[in-house]
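Visitor: Take a look at this one; I'll ask things after.
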Amino acid sequence: MTRNTSLSQAARRIGQALVVILLAYSFTFLIISVLPGDPISNMLLDPENGFTEEEIAPIIAHYGLDRPVLEQWWMAISRFALGDLGISLRSNRPVSSMLLEALPSTLLLAGSAMLVALLLALLIAYASQNLPRRWGQGVARVLPALSLSVPSFVIGLVLIQVFAFQLGLFRITQPNSLAATFFAALALGIPVSAQIAEVLIANLDHEAGQEYFAVAQARGLRRSQLFLRHQLRPSALPVVTMIALSIGELLGGSLITETIFGRKGVGSLVQSAVVTQDFPVLQSVVSLAAVVFVLVNLLADLLYPLLDPRLRRRDTAARDDTAERLA
Amino acid sequence: MPIDRRALLQLLSGSAGMLAAPAFAQGAAQRRAGGELTFLISSLDSGWGLNEKVDTYTGIVWGQIADKLVHVDEKGDATPWIAERWEENASQTEFILHLRDGVTFSDGSPLNAQAVAANIELWARGDTSRGVGRLGLFPSTTYKGVEALDDRRVKVSFTGPTLSFIPTLGYHKTLLRSVASLNLKAEELGNLDKQLGSGPFVVESWLEGDNVVLRRRQDYRWGPQAIAHSGPASLERITFKVVKDAAIRAAALQSGQAEIALNIAPHELRPLKARGIRVVAPDSLGFVSGFSVNTCAPHFDDVRVRQALQHAIDRQEILDTVFTEDWKPVTTLLQPNVPEAADLSALLAYDPAKSNRLLDEAGWQRGADGIRAKGADKLRFNLFASPWVNTSKQVDEVIVQQLQKVGIAARLQVVDIATFNARVRNNDSVPLREVSRSFLDAGVVGNVLTDADKGDNWFKLGQSNETLNRLARDIAHAVDRRARAETLKEAQRYVLEQGLFIPTAQLNQRLYVQAAKVKGEAYSGAGYALYYGAWLEG
Numbered sequence: 075m076t077r078n079t080s081l082s083q084a085a086r087r088i089g090q091a092l093v094v095i096l097l098a099y100s101f102t103f104l105i106i107s108v109l110p111g112d113p114i115s116n117m118l119l120d121p122e123n124g125f126t127e128e129e130i131a132p133i134i135a136h137y138g139l140d141r142p143v144l145e146q147w148w149m150a151i152s153r154f155a156l157g158d159l160g161i162s163l164r165s166n167r168p169v170s171s172m173l174l175e176a177l178p179s180t181l182l183l184a185g186s187a188m189l190v191a192l193l194l195a196l197l198i199a200y201a202s203q204n205l206p207r208r209w210g211q212g213v214a215r216v217l218p219a220l221s222l223s224v225p226s227f228v229i230g231l232v233l234i235q236v237f238a239f240q241l242g243l244f245r246i247t248q249p250n251s252l253a254a255t256f257f258a259a260l261a262l263g264i265p266v267s268a269q270i271a272e273v274l275i276a277n278l279d280h281e282a283g284q285e286y287f288a289v290a291q292a293r294g295l296r297r298s299q300l301f302l303r304h305q306l307r308p309s310a311l312p313v314v315t316m317i318a319l320s321i322g323e324l325l326g327g328s329l330i331t332e333t334i335f336g337r338k339g340v341g342s343l344v345q346s347a348v349v350t351q352d353f354p355v356l357q358s359v360v361s362l363a364a365v366v367f368v369l370v371n372l373l374a375d376l377l378y379p380l381l382d383p384r385l386r387r388r389d390t391a392a393r394d395d396t397a398e399r400l401a
Numbered sequence: 168m169p170i171d172r173r174a175l176l177q178l179l180s181g182s183a184g185m186l187a188a189p190a191f192a193q194g195a196a197q198r199r200a201g202g203e204l205t206f207l208i209s210s211l212d213s214g215w216g217l218n219e220k221v222d223t224y225t226g227i228v229w230g231q232i233a234d235k236l237v238h239v240d241e242k243g244d245a246t247p248w249i250a251e252r253w254e255e256n257a258s259q260t261e262f263i264l265h266l267r268d269g270v271t272f273s274d275g276s277p278l279n280a281q282a283v284a285a286n287i288e289l290w291a292r293g294d295t296s297r298g299v300g301r302l303g304l305f306p307s308t309t310y311k312g313v314e315a316l317d318d319r320r321v322k323v324s325f326t327g328p329t330l331s332f333i334p335t336l337g338y339h340k341t342l343l344r345s346v347a348s349l350n351l352k353a354e355e356l357g358n359l360d361k362q363l364g365s366g367p368f369v370v371e372s373w374l375e376g377d378n379v380v381l382r383r384r385q386d387y388r389w390g391p392q393a394i395a396h397s398g399p400a401s402l403e404r405i406t407f408k409v410v411k412d413a414a415i416r417a418a419a420l421q422s423g424q425a426e427i428a429l430n431i432a433p434h435e436l437r438p439l440k441a442r443g444i445r446v447v448a449p450d451s452l453g454f455v456s457g458f459s460v461n462t463c464a465p466h467f468d469d470v471r472v473r474q475a476l477q478h479a480i481d482r483q484e485i486l487d488t489v490f491t492e493d494w495k496p497v498t499t500l501l502q503p504n505v506p507e508a509a510d511l512s513a514l515l516a517y518d519p520a521k522s523n524r525l526l527d528e529a530g531w532q533r534g535a536d537g538i539r540a541k542g543a544d545k546l547r548f549n550l551f552a553s554p555w556v557n558t559s560k561q562v563d564e565v566i567v568q569q570l571q572k573v574g575i576a577a578r579l580q581v582v583d584i585a586t587f588n589a590r591v592r593n594n595d596s597v598p599l600r601e602v603s604r605s606f607l608d609a610g611v612v613g614n615v616l617t618d619a620d621k622g623d624n625w626f627k628l629g630q631s632n633e634t635l636n637r638l639a640r641d642i643a644h645a646v647d648r649r650a651r652a653e654t655l656k657e658a659q660r661y662v663l664e665q666g667l668f669i670p671t672a673q674l675n676q677r678l679y680v681q682a683a684k685v686k687g688e689a690y691s692g693a694g695y696a697l698y699y700g701a702w703l704e705g
């Protein structure tokens, strides 16, 4: 019975995820369809070409852009439901190939940025609690607000100017090198680290005021033990939530970071797709982002009980209750 | 964004001058084989499809991968390339192209008459079943057909005189591709691995919208006759890399991470030059930057209003404010290097007193706010900056201030391409439409004057103006270039006198900012670089 409940919960989550993805796909379609013009007109009605609307009409018809919006939506979503992401109107290539080309670079950048963000946040949070002088702790507490107030593109430009052009540590023409990836991850990760650090510091402060912390302190535990066992671990739950929420920040930030660092990725793919109204690409990327969000949230839900034993117990008790009632 | 990226980078690069490439003496340098050239470009977004998929950026890459039938220089003169010679009949309706022997595409397939015929047919008609439009500049309206007479001779026929045919063969989009590439399925057209040319470089690797790495083709020996080089290209490799931010392109060039950067903002050029970096603004055939005037727009049916505008614009101030010495003053509606361009500077003289007089005569009186009005009707309109020209907004800002001085209120609107097409293209309430159009043969001028033969009808006069009808007809039916040049000069004078076109500045769409060590490159008549003869000094 318990197994059946879990299965039905899983089925419900998958169903919800599918609805979210289809809604994201349709919503993107809706937004693009209310924009003026169409990608073919935008491309061909350049005054350089000297075309008339009549001349480009057959091309627009070839791509089905002359059909009613509802029909276009139905055609697109039918294809999408079968796993066909369509052909890019701009590049004449399958969108799936373009996504596969762009995805690894963005995953690497976003993953590295998250790692950088976590490390920085931990360092700042540790410093805010454990620096020997009060002013040192104060500086650590101000750092997140400072980092948040500097846009990632400014951080990126400073890093490029200093480390690429002045010190020659990486080449802007080789954006996928280890050094270039590190600095791009730094630019993207610093603002995210600030958000995580703020949440972490607030929770560490809260834990430090608890009775069990005072007891542990009285038992004479070392500072690092106190921090890890009695402050950081209970504070991890909101951090996991924060990480899940930061995925959007990372995906959005990758657009700017990839553009500045000259990296080819999903962000730069979106940027050119927006400019050219290449909606098969845009819809696919938005749907991909929805998939990532769904997966990350699912992962966060699964992690909560592992990090907080109280949630595990509550879950087990709830399951026992249900079993009893059904029996 | 609230912070100007360029200002920030300039601030940060205070000592970057120390790292800049030193100025090299421009003496007689020895050609050196080998070397790699890195070219920073702002976009490769248009993909690698056929005909109109080639844009101003990918056109530069294509220029190294694919050959053309002729090379057209900055004066519009066509010289042999893959077509080693050509014949034309007296009525300019039939052309026979004689092709070079032994030319092959990079897959080894022959570039013969059949391949050339297939290319010409696709340029002229396109293939709507695969979403491929015809080539905009190709003279399709008079195109009759193409025939391969044998392996090395191609006959092209037109229903009327087509003086523009041969020069058009040197256009940056009339690229010769292998027959297999032309026949690819729609979803394969953008795959650069399958788009094969016969040029001096072949594709080594590429990433969609990001970079293309080209490698020298060792067996290449059919470069344009006009370029003083034979055999394979000197450069071993060329890397085209997209760097969208112009300030980063400039900084990368200064620090020696690249040899060439395309299109840096004009105000950044002087400091770069001071650091020994060369700015090459190749002469480009076409119209100058300016506005075609819609005579259907309110108040612009009055020639006095149009002429007032013509004299209210101080073109020297535009040059001094927005551009550098790399931009030449405009003398007519055609670029200064177009052989048929007339010197009509007098018609474009800045004369605000004359503008005021013309507007007074037309009944537009200045109101208390300084704006001219006829009763409740004010002389004001929206001025849309061209989304296709980088410097358009800055130029238009100056123009808005200049027009204000004579009592005309122009409100600057900066919009994207989609909005521009929706709000400007067929909107008769918009009087000025910014033009940016290149060509390789000035016969195009005849096609914009009226709507006859699918003409562009720039001034929205249709066929109501007898003078324009005659000029358009004479240009279209011309069979002699010299006689046509006279008609073209008459057309320029008439259009400017009537205030139907308001030139603003020379159109430099491709500005190559490059290290002094880059030598031997050439440019087509449309300003596209050819690196076949290029090498790196030192």
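Chain order of the listed sequences is A and B.
Each residue of the first sequence is one higher than the last, beginning at 75 in the numbering used here.
Each residue of the second sequence is one higher than the last, beginning at 168 in the numbering used here.
Ideal Cβ placement from N, Cα and C applies to all residues, glycine included.
Since the model is a prediction, treat every value here as computed from it, not as a measurement.
1) Counting only Cβ-Cβ distances shorter than 9 Å, please list the residues of the stretch 145-176 of chain A near chain B, keeping chain order.
2) Chain B beta carbons: is any one of them nearer than 8 Å to that of E122 (chain A)?
3) If you run the structure through DSSP and keep just helix, strand and coil, what is K656 (chain B)?
4) By DSSP, does I234 (chain A) sit in helix, in strand, or in coil?
5) Less than 6 Å between C-beta atoms, sequence neighbours within five positions excluded: which residues of the same chain meet that for L703 (chain B)?
6) 8 Å is my cut-off, CB to CB: does S223 (chain A) come that close to chain B?
7) K142 (chain B): buried (16+ other C-beta within 10 angstroms of its C-beta) or exposed?
8) Out of B:Q676, B:L635, B:S209, state which residue places its alpha-carbon closest to the alpha-carbon of D135 (chain B).
9) Would you mind giving the Cβ-Cβ distance between A393 (chain B) and H238 (chain B), rounded to the nearest angstrom? I have them listed as a contact below 8 Å.
10) Quick one, are the C-beta atoms of V409 (chain B) and V489 (chain B) less than 8 Å apart?
11) Tell me the DSSP secondary structure of Q240 (chain A) in three-state form.
12) How should N123 (chain A) be labelled, buried or exposed, when 16 other C-beta atoms within 10 angstroms of its C-beta is the threshold for buried?
13) My parser needs the alpha helix (DSSP H) runs of 4 or more residues fully inside the stretch 505-580 of chain B; what are they?
14) With 8 Å set as the bound, which would you pick, yes or no: does the beta-carbon of K411 (chain B) sit closer than that to a beta-carbon of chain A?
15) Taking the alpha carbon of L377 (chain A) as the point to measure from, which residue in A:P142, A:K338, A:T315, A:A292 has its own alpha carbon closest?
16) Using a Cβ-Cβ distance under 8 Å, would Q304 (chain B) count as near chain A?
17) Bridge partners for V379 (chain B) per DSSP, in chain order?
18) Which complete beta strand (DSSP E) runs does the stretch 422-463 of chain B hold, if anything under 3 residues is left out?
19) Mapping the DSSP letters down to three states, classify R600 (chain B) as helix, strand or coil.
20) Quick check: what's the CA-CA separation for Q83 (chain A) versus A98 (chain A)?
21) Which residue's Cα is closest to the Cα of A32 (chain A): A:L183, A:V94, A:G212?
22) Output the distance between the C-alpha atoms of G610 (chain B) and D623 (chain B), rounded to the nearest integer angstrom.
23) Quick check: is the beta carbon of N277 (chain A) nearer than 8 Å to any beta carbon in chain B?
24) Taking Cβ positions, are R215 (chain A) and S223 (chain A) nearer each other than 8 Å?
25) Could you tell me which of B:L264, B:L667, B:D212 sits nearest to V472 (chain B), measuring between CA atoms?
26) Identify every run of the alpha helix (DSSP H) within the stretch 613-700 of chain B, keeping only runs that are complete inside it and at least 4 residues long; order them along the chain.
27) From which residue to which residue does the beta strand (DSSP E) around R473 (chain B) run?
28) With DSSP collapsed to three states, give me the class of S273 (chain B).
29) Skipping 5 residues on each side, what residues in its chain have a beta carbon closer than 8 Å to that of D712 (chain B)?
30) Measure from the C-beta of P265 (chain A) to each C-beta in chain B and report whether the shortest distance is under 8 Å.
31) Measure the C-alpha to C-alpha separation of M172 (chain A) and I232 (chain B) and round it to an integer number of angstroms.
32) Give me the chain B residues within the contact set of T102 (chain A), using Cβ-Cβ distance strictly less than 8 Å, ordered along the chain.
33) For K340 (chain B), does the count of other Cβ atoms within 10 angstroms reach 16, so buried, or fall short, so exposed?
34) Quick check on this structure: which residue in A:S107, A:E272, A:N116, A:L163 has the alpha carbon closest to the alpha carbon of V143 (chain A)?
35) Buried or exposed for N218 (chain B), going by 16 or more other Cβ atoms inside 10 Å?
36) If the cut is a Cβ gap below 8 Å, which residues of chain A does L356 (chain B) touch?
Guide: So, from the data block:
1) I161, S162, L163, R164, S165, N166, R167, P168, S171, M172, E175, A176
2) yes
3) helix
4) I234 (chain A) falls in the helix class under three-state DSSP.
5) G202, K684
6) no
7) Not covered by the structure: residue 142 (chain B). The range shown for chain B is 168 to 705.
8) Residue coverage of chain B in this structure runs from 168 to 705, which leaves residue 135 (chain B) outside it and unanswerable.
9) That belief holds up - the Cβ atoms of A393 (chain B) and H238 (chain B) are roughly 5 Å apart, short of 8 Å.
10) no
11) helix
12) Burial call: buried.
13) 519-528, 559-572
14) Interface flag for K411 (chain B) against chain A is set, since a Cβ pair is found closer than 8 Å.
15) A:T315
16) The amino acid occupying residue 304 (chain B) in the given sequence is Leu; Gln does not appear at that position. Answer yes: the Cβ-Cβ gap between L304 (chain B) and chain A drops below 8 Å somewhere.
17) B:W373, B:F407
18) 427-429, 445-447, 456-460
19) strand
20) 22 Å
21) Coverage of chain A is limited to positions 75 through 401, which leaves residue 32 (chain A) absent and any answer about it impossible.
22) 13 Å
23) no
24) no
25) Closest option to V472 (chain B), Cα to Cα, is B:L667.
26) 633-643, 648-664
27) Not the beta strand (DSSP E): R473 (chain B) falls in the alpha helix (DSSP H), residues 470-479.
28) coil
29) Missing from the structure shown is residue 712 (chain B); chain B here goes from 168 to 705 and no further.
30) no
31) 23 Å
32) None at all; the shortest Cβ gap to chain B is about 16 Å.
33) buried
34) Nearest to V143 (chain A) by alpha-carbon distance, out of A:S107, A:E272, A:N116, A:L163, is A:S107.
35) buried
36) N166
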